[in-house]
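The working numbering numbers the first residue of the sequence shown as 1 and each following residue consecutively.
See structure below.
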Amino acid sequence: MIKSTILLSLIISSLLLQTRADTCSTTWTVHTTNNLPPNSPPPAVHCRLKDDDLGNRTLAINADYNFSFCLDPISTQCSCNFQWNNKVAALDIYTPPFGGTCTGPEVCFYEVRIDGLYYSKSYPPVQLQKVVSWDSNA
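Laid out in structure tokens, this is it:
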């Protein structure tokens with residue numbers, strides 16, 4: 001009797017954990033495009049989530065680099081670092097408990113320009129606002 005109760009408890013716990021891991025109430029998508037002059041070197045972007053390094057990307061002119069993540073308002077962390085022409089910029093996209101530059105809902109759009117990074121909470125972008133300037137101390 002005790003063995004079957006323990007076994008049943010383990011099975012139920014496993015199913016509950018599996019269900020929680022597979023459900024995502026809110027998925028956010030981050031888009032980043034390169035709107036630099038055509039002859040300039042392409043910017044590099046390195047994004048990471050709390051437990052997932054998304055690696056380095058090089059953004060071609062007008063290319064759309066995008067990724068999605070499941071938003072857990074308590075534990076989600078998402079950030080990106082940009083390098084271009086001996087300049088750097090860092091974006092705190094989402095960090096609990098108050099978020100970051102990405103205010104959603106569920107879509108964040110960033111555009112790389114000659115004077116910094118711009119943000120829109122919609123895709124396609126509307127009313128881009130500058131959120132970060134380049135730092136030339138690279």
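Idealized CB from N, CA, C, for every residue including glycine.
Going by other Cβ atoms of all chains shown within 10 Å of its Cβ, with 16 needed for buried, is Val126 buried or exposed? As a working note, residue 126 is residue 126 in the sequence shown. Under this definition Val126 is an exposed residue.
Which residues in the same chain have their Cβ closer than 6 Å to the Cβ of Gly219, if we skip the five residues on either side of it in sequence? For the chain, the structure presents residues 1 to 138; residue 219 sits outside this window and is missing.
Please report the distance separating the alpha-carbon of Ser122 from that of Asp92. By 1-based counting over the sequence shown, the position of residue 122 is 122. By 1-based counting over the sequence shown, the position of residue 92 is 92. Rounded to the nearest whole angstrom, the CA to CA distance from Ser122 to Asp92 is 18 Å.
So, under 8 Å CB-CB, Thr23 and Glu106 are touching, yes? Tell me the CB distance rounded to an integer number of Å. In the sequence shown, counting from the first residue as 1, residue 23 sits at position 23. In the sequence shown, counting from the first residue as 1, residue 106 sits at position 106. Contact between Thr23 and Glu106 does not hold, since the beta-carbon distance rounds to 16 Å and is not under 8 Å.
Simplified DSSP assignment, three categories, for Gln77: Here residue 77 corresponds to residue number 77 of the sequence shown, with the count starting at 1. Reduced to three states, the DSSP call for Gln77 is coil.
Taking the beta strand (DSSP E) that Thr29 belongs to, which residues open and close that run? Working through the sequence shown from its first residue, we reach residue 29 at position 29. Unbroken beta strand (DSSP E) run through Thr29: Thr27 to Asn34.
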